[in-house]
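Numbering (the numbering used here), first residue to last: 1 to 332.
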């Protein structure tokens, strides 16, 4: 049985999610120890439990240690299977992070897998759901992965209540050498719920102005809803690059829009082929494909951690080479 030290690298939930996913894909029994041991609230949180339980259902796995605040689990996967799964993370746990764990596993099922998930779509410390839809999925499509995500309802912190349907069709993953795309247009969505409509407009207008100041044209839609949770946010994307920001009490809408624009401008100006957030998401897929490459603005701790975990489960190796203004990552 392979043992993974959960305190390695970023030492958070990422190493647990990637380890469980790679164990399921490679059918490798794994023991994960020291889970989130360096965090203020060590061990498994409610959303981590949801992720492991979901992969357990998907693979009919045998699991021990599956309890709130547990710092050690064993996971023994069996055959991956298709079907429809209804998952409720509870409150505003991140739907995006859950899907990051589930999608690579579901791609290896013998038939289509559908997830209907309730939780947070736009929450802190997590890619917004629009990032997955408009950045992650197009990148995965280039690798041969057939995944579709529908947002039925947004959910913000702390109440959550967002609802998303993801459909994953069995696919053969291929390596891709990601190239820098021309930044001819930045697209985006400014959204809010249970707040004045002008919040959505002000976020958008601030982003448009900041992008224009830096020479980027934009096309940003507006979405105003009245769902169970209160919140706002904006996500911008261009090819394999994005920027986002969330509204919060006391933070002006103009600041939210400008921050999102600054985020994507920093990525676009670097000349990298993928942004720092997509970089870590691509690693497990490249490991399975045993090929592929990209450049990114910097190598995040999440990316380093995913490289290390992926190399534990496969004979794949990653070469990391700093260049002038970017870092090149090659899978072999």
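Built from N, CA and C at the ideal position, the CB exists for glycine as well. Nothing here was measured: the structure is a model prediction, and the numbers come from that model.
For a test of the three-state rule: what should DSSP assign to residue i, helix, strand or coil?
i, result
"residue 111", "coil"
"residue 306", "helix"
"residue 78", "coil"
"residue 145", "coil"
"residue 98", "helix"
"residue 328", "strand"
"residue 91", "coil"
"residue 250", "coil"
For the putative contact between residue i and residue j, defined by C-beta atoms under 8 angstroms, what is the C-beta separation to the nearest angstrom?
i, j, result
"residue 6", "residue 34", "5 angstroms"
"residue 306", "residue 284", "6 angstroms"
"residue 121", "residue 129", "4 angstroms"
"residue 104", "residue 23", "Not confirmed; about 11 angstroms, so no contact."
"residue 295", "residue 273", "5 angstroms"
"residue 233", "residue 245", "7 angstroms"
"residue 107", "residue 171", "5 angstroms"
"residue 154", "residue 191", "7 angstroms"
Start and end of the beta strand (DSSP E) containing residue i?
i, result
"residue 295", "293-296"
"residue 218", "218-225"
"residue 322", "318-322"
"residue 126", "From DSSP, residue 126 is part of no beta strand (DSSP E); its letter is neither H nor E."
"residue 4", "2-5"
"residue 244", "241-246"
"residue 31", "30-33"
"residue 63", "62-64"
"residue 232", "231-238"
Nearest to residue i by CA position, among the options, is which residue?
i, options, result
"residue 293", "229, 193, 212 and 326", "326"
"residue 218", "225, 238, 230 and 201", "238"
"residue 271", "282, 181, 256 and 314", "181"
"residue 230", "12, 91 and 125", "91"
"residue 220", "227, 226 and 212", "212"
"residue 308", "280, 275 and 328", "280"
"residue 1", "85, 26 and 14", "26"
Provide the residue span of the alpha helix (DSSP H) that contains residue i, from first to last.
i, result
"residue 274", "Here residue 274 belongs to no alpha helix (DSSP H), and DSSP marks it neither H nor E."
"residue 21", "13-26"
"residue 87", "Residue 87 -> not in any alpha helix (DSSP H); beta strand (DSSP E) instead, spanning 83-88."
"residue 44", "Where residue 44 is concerned, there is no enclosing alpha helix (DSSP H), given that its DSSP letter is neither H nor E."
key: Length-filtered (3 minimum) beta strand (DSSP E) runs lying within the stretch 148-216   = Counting whole runs of 3 or more residues, the stretch 148-216 contains the beta strand (DSSP E) stretches 162-169 and 186-193.
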